[in-house]
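Residue numbers (the numbering used here), protein chains in the order written: chain Y, 762 to 1183; chain V, 762 to 1183.
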């Protein structure tokens, strides 16, 4: 599909269309690209994918970079990306976090009109917006405003998120590298916990979806490897049950490594972190701030200490390290992040607005391809880890999850143990 | 020096010495190796260095591995390391944390006598103990007990610590890899903070010494790169001054990335973490537990929020990730960790007990060599970051520190930024 759009795009200008001529006639002009939401280790791969492909497309004149997403369009804070050096761009692609700057902002109807005014001013007909489901919603709002105002605009959402919670797509660029980080962190921490036995609780990012916390198991090789317990937002979290689980693992292995999602919540849907936080901060999309605080881990460690006063109990909150660690990138993730950026531009040549999704190709060896779907299919809502990948007891994940996620995280370091000869 | 000991060691048995014959006559028998204290990413390199070199030395019969350090000698929990497969050992060397298991234990006089009884039982004449300054103290206590009981024993301490706080040695195996982790974490987090501006506080390990926290600056390249503020245990921490520093950086850069050592303390010497912790845990060496809790970071974030209520403030505590992350190893650090293990065995052939230290060779290119010094020179006490490497204001480190630490952390990823063309 992407290839098809690429070959069409080689022609200088799109042919006048027979039907829906109003839409087709706008398919040439300047373009803008922006980054939005929490950055990832590979979001700049998508940016560079857009930049390099936009240079190849004759229908695109100038490519602007909006600093801090829609904020850059509102404040006319735009970079000319047409003349950045290619060798520099390749280095930027390998640099974590959003090179253009990011933003967490849902534009108001008035701001949407201002953004469209900026697009008119700069003859912008293509908007490429790299972000998660909140950013897809922003893209969709912008598109709907443009249609209402009869402003010719194509808006392509380019997916990224470490949470892997976007709808429709098989998986999301950014997830593989974060999963690799979490897997490697647990592999090392499991060795650490084996060295100095005790109870270790690690809090992993993931507000609504447990994909990243589940990645903690990707390095497990033997039955006593940790994490021994995995708690996800997909299953109601019961504190008494949690403590009983830890006690059972201690009785079995003499140690216990726990992975907990920051988004775990009680049966009523209130997150444990929310209950703890005296003053919960909310961002513009109405999300409570769960990261950047050690409160949940400390609270869970306290529960365990009460039950097992003699035990050595520690808690770490991985926090922001897991989304932008320099030098921990999954090669597959980097390649796919580049691909969705490139194909966003190709799709924009022959299609209307939409969001780029990834799907697996059939076959034993992992391979993926892109497809364009409507923004409304992805905007705002999130996907959860399928229940059939979670153990019956709700405190671990099944091998089916590993088959899904391992190719995305890529190769992991080898962990070896001495043979138990006496 | 190491080479000299190696060539001597090729001979089957040491020659009868003319003087101090009592000591020289014990120089053949079995050996034991143990690991102690907080594990590191390269402590198994030292273990494998000991194992492979002990196989080459005819004066050494069997090599036992003590599970969980002195605990293994007390409980007769010993592995026979003589027959482990070499290819497996090479994989173990690349595996983080202590493959034999570690322990935080200072043996009592009675336990020392039990340990010596175990050494007699197994004909052990060489003890190789891999650990930090607490482990050097344990090694020294053991040696003194052996001398008092006239038990022929050579005890060689093999240095490891991520804190880099051992006396005499130029630097310590384990530090370089942890420094690399901290540097890369800050490089990524600085990009993250540049993307979504705000105040970010990262708490780094290091109870008494600021070497690891100082490593946060190793990836800085431009004047506005973070961390913008660095607080070390070597300088008294003033909370009001800290808040004022953050406000000043915000005014200058519109964002602020802070590195804080977990061991920062007030002018009276009480750590801030201690003041916060309602119930401070102490380990067997009398150290307060500062890691595995997000309390210090959360406290500092709260101070900043009070002063700058509109700012986005986050805190992360790196915790145990920084000492054992799988797949983040400095090649120089790995090689030196192997070297000190190997040379510990070589020194044991021709010298009495002691601890292996590293020194820099003169010249422009970084290179190091080993030397043996008395255990008492290293045991128990710690080294601090030299004051002349800390800025006059006490909230940053100077380039002299980077010249010291960069070769130890090794190459770092490249961070690139778009050119600011409009």
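Each residue gets a CB set at the ideal place from its N, CA and C atoms; glycine is no exception.
Here the structure is a predicted model, which means the values were calculated and not measured.
Cβ atoms of residue 1170(Y) and residue 976(Y) come within 8 Å of each other, at about 6 Å. Secondary structure at residue 934(Y): coil, using DSSP grouped into helix, strand and coil. Two segments are said to touch when three or more pairs of C-beta atoms, one from each, lie closer than 8 Å; by this definition the stretch 954 to 962 of chain Y does not touch the stretch 923 to 933 of chain Y. In the structure shown, residue 912(V) falls within a coil segment according to DSSP collapsed to helix, strand and coil. Think of a sphere of 8 Å around the beta carbon of residue 1175(V): the chain Y residues whose beta carbon falls inside it are 852, 855, 856, in chain order. Taking 8 Å as the Cβ-Cβ cut-off, the stretch 1079 to 1094 of chain V approaches chain Y at 1079, 1080, 1081, 1082, 1084, 1085, 1086, 1087, 1088, 1089, given in chain order.
Two segments are said to touch when three or more pairs of C-beta atoms, one from each, lie closer than 8 Å; by this definition the stretch 819 to 836 of chain V touches the stretch 863 to 875 of chain V. In terms of Cα proximity to residue 929(V), the closest of 819(V), 1035(V), 1119(V), 1059(V) is 1119(V). With respect to the 7 Å criterion, residue 1105(Y) and residue 1117(Y) are classified as neighbours on the basis of their beta carbons. Within the same chain, 894, 897, 918, 920, 927, 928, 929, 930, 1116, 1118 come within 8 Å of residue 1139(Y) by CB-CB distance, once the 5 residues on both sides are set aside.
A straight line joining the alpha-carbon of residue 872(V) with that of residue 889(V) spans about 18 Å.
CA-to-CA, the gap between residue 1178(Y) and residue 852(V) works out to about 8 Å.
Looking at the backbone, the Cα of residue 913(V) and that of residue 886(V) are separated by about 6 Å. DSSP places residue 862(V) in the coil class of the three-state scheme, outside both helix and strand.
Taking a contact as a CB-CB distance under 8 Å, the pair residue 800(V) and residue 857(V) counts as one, their CB atoms being some 7 Å apart.
Going by beta carbons, residue 942(V) and residue 796(V) fall outside the 7 Å limit.
When secondary structure is reduced to three states using DSSP, residue 1157(Y) falls in the coil class, being assigned neither helix nor strand.
DSSP, read as helix, strand or coil, puts residue 1125(V) in coil. Taking all protein chains in view, the Cβ of residue 1147(Y) is surrounded by fewer than 16 other Cβ atoms within 10 Å, so the residue is classified as exposed. Secondary structure at residue 841(Y): strand, using DSSP grouped into helix, strand and coil. For residue 945(V), at least one C-beta of chain Y is nearer than 7 Å to its own C-beta.
If you look at residue 1025(V), you'll find it isn't in any beta strand (DSSP E); DSSP assigns it neither H nor E. Only those residues of the stretch 1149 to 1182 of chain Y whose C-beta falls short of 9 Å from the nearest C-beta of chain V are listed: 1173, 1174, 1175, 1176, 1177, 1178, 1179, 1180, 1181, 1182. Chain Y has no Cβ within less than 7 Å of the Cβ of residue 1017(V).
In the structure shown, residue 1120(Y) adopts extended strand secondary structure according to DSSP, grouped into three states.
Under the 7 Å criterion on CB atoms, residue 860(Y) is classed as interfacial with respect to chain V. As for any alpha helix (DSSP H) of minimum length 4 sitting wholly inside the stretch 980 to 1028 of chain V, the runs are 1000 to 1014, ordered along the chain. Restricting attention to 810(V), 844(V), 835(V), 1167(V), the CA atom closest to the CA of residue 822(V) is found in 844(V). Counting the other Cβ atoms within 10 Å of the Cβ of residue 1125(V) gives fewer than 16, which makes it exposed. The beta-carbon of residue 966(V) is placed no less than 7 Å from the nearest beta-carbon of chain Y. The beta carbon of residue 1102(Y) lies closer than 6 Å to those of 807, 810, 811, 919 in the same chain, with the five residues before and after it left out. Look at the beta carbons and you see the stretch 1065 to 1077 of chain V touching the stretch 961 to 978 of chain V: at least three pairs across the two are nearer than 8 Å. Residue state for residue 791(V) is assigned as strand, using DSSP reduced to three classes. Taking a contact as a CB-CB distance under 8 Å, the pair residue 945(V) and residue 1174(V) counts as one, their CB atoms being some 7 Å apart. Interface annotation, residue 880(Y): not in contact with chain V, CB-CB separation never under 7 Å. Per DSSP, the continuous beta strand (DSSP E) segment holding residue 1078(Y) begins and ends at 1074 to 1078.
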